[in-house]
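As numbered in the numbering used here, residues 15 to 311 make up the sequence shown, in order.
For reference, the structure discussed in these notes is given below.
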Amino acid sequence: MFINFWYPACLSDELGDAPMKVRMLGCDFALFRDSHGKANCLSDVCIHRGGSLSCKGEQIKSQVIDDNIQCPYHGWQFNGDGLCKKIPSQGPDAKIPERARIDAYPTQEKYGIVFAFLGDLPEDERPPILEAPEADMEGWGVILQTYMLETGYRRSIENAIDPAHNEFVHPTHGFSGKDPNYFVPKLDLIEEEWGVGFMTKYSSSGSPSKDVQAMKDNPVTTAGSGTFGPSQFWTKIQPGGRFKMHQYVYDLPVDEFTTRVFLVSTRNTGLNEEMHNFIAERNKVVAQQDIDILNAV
Ligand code: FES
15 MFINFWYPAC LSDELGDAPM KVRMLGCDFA LFRDSHGKAN CLSDVCIHRG
65 GSLSCKGEQI KSQVIDDNIQ CPYHGWQFNG DGLCKKIPSQ GPDAKIPERA
115 RIDAYPTQEK YGIVFAFLGD LPEDERPPIL EAPEADMEGW GVILQTYMLE
165 TGYRRSIENA IDPAHNEFVH PTHGFSGKDP NYFVPKLDLI EEEWGVGFMT
215 KYSSSGSPSK DVQAMKDNPV TTAGSGTFGP SQFWTKIQPG GRFKMHQYVY
265 DLPVDEFTTR VFLVSTRNTG LNEEMHNFIA ERNKVVAQQD IDILNAV
């Protein structure tokens, strides 16, 4: 697991008025929104006596007061930069020591996801987040989904750029390994600043939906994927006609053996509600096929 990269901490919708605990890279963090709705990310260990800033016990819960998160143990308050703003036991006129601060991590929200930069690089040296340009384009529909893997994120990334598994793991992409003449096609590698990928042509068994006629009519699908940084990747599926599905995936290494996957799935056809729901269900099926394989590796 690497520091100094952006990681998807949670869905924007998951972070409401109450603080939220998120485990990333094997450490606990407290996320909270200030009075302007800005998401903030602090270490979840209070520098006073180790209280959990995101405590959500049966009786005791931490809370946000104005722009600060309040430790539920002795009421110290910290702002989004991690600076201590109040120590109740010191009285109203006490000078708060400069050292009374907690590690804070930059955040930004894109594509319905709260990203946290887990590291200490200055802003102009931080690697970028994988762009999902179609998510903001007219004529494209977006589906945002997450799922869990009981394996480290490296398995997920390997799987994403592994063209040999499609034929066997995803029946809608291939022939379930039943084609005796199947061999992995030649790959055209794409080398980019933050990763490497490929596009190639697969034999396609066709879409399960009669609505995606291009997939049914075309026996060859152009598709590929590529990495971006240590834990993000893209997948492009272009079955023919004008139909394109471009997906952007942000893996959160929860710890060494657990990964939460954030999928931003875009497509330029099938934008009505029925197809939205259909594709969301298909995405779940395809994800479950990968989950079945990866959890058992
Ligand atoms: Fe947080 Fe005391 S442990 S205020």
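Idealized CB from N, CA, C, for every residue including glycine.
Check	Outcome
Own chain, CB closer than 8 Å to residue 116, minus 5 neighbours either side, in chain order	56, 57, 59, 60, 61, 67, 92, 96 and 98
Distance cut-off 6 Å: residue 90 Cβ against heavy atoms of the ligand ADP	Although the ligand ADP was asked about, the structure shown includes only the ligand FES as ligands.
Contiguous beta strand (DSSP E) assignments of at least 3 residues, all confined to the region 119 to 195	121 to 124, 127 to 132 and 155 to 163
Any non-hydrogen atom of the ligand FES within 6 Å of residue 6 CB	For residue 6 there is no data in the structure shown, the boundaries of the chain being 15 and 311.
Classification of residue 19 by the beta-carbon crowding that lies within 10 angstroms, buried from 16 upward	buried
Residue 295 beta carbon less than 7 Å from that of residue 166	no
Given residue 121 as reference, the closest of 236, 248 and 43 once Cα atoms are compared	43
Proximity below 7 Å, CB of residue 105 to CB of residue 87	no
Cβ neighbour criterion (16 or more within 10 Å) applied to residue 170	buried
Boundaries (first-last residue) of the beta strand (DSSP E) holding residue 281	272 to 281
Cβ contact check for the region 31 to 49 and the region 144 to 156: 3 or more pairs under 8 Å	no
beta-carbon residue 167 near the ligand FES non-hydrogen atom, thresh 6 Å	no
beta-carbon residue 41 near the ligand FES non-hydrogen atom, thresh 6 Å	no
Sub-7 Å separation of residue 239 and residue 211 beta-carbons	yes
Environment of residue 94 [buried if 16+ CB atoms lie within 10 Å]	buried
beta-carbon residue 85 near the ligand FES non-hydrogen atom, thresh 6 Å	yes
Under the three-state DSSP convention, the category residue 73 falls into	coil
Check: residue 62 C-beta below 6 Å from any heavy atom of the ligand FES	yes
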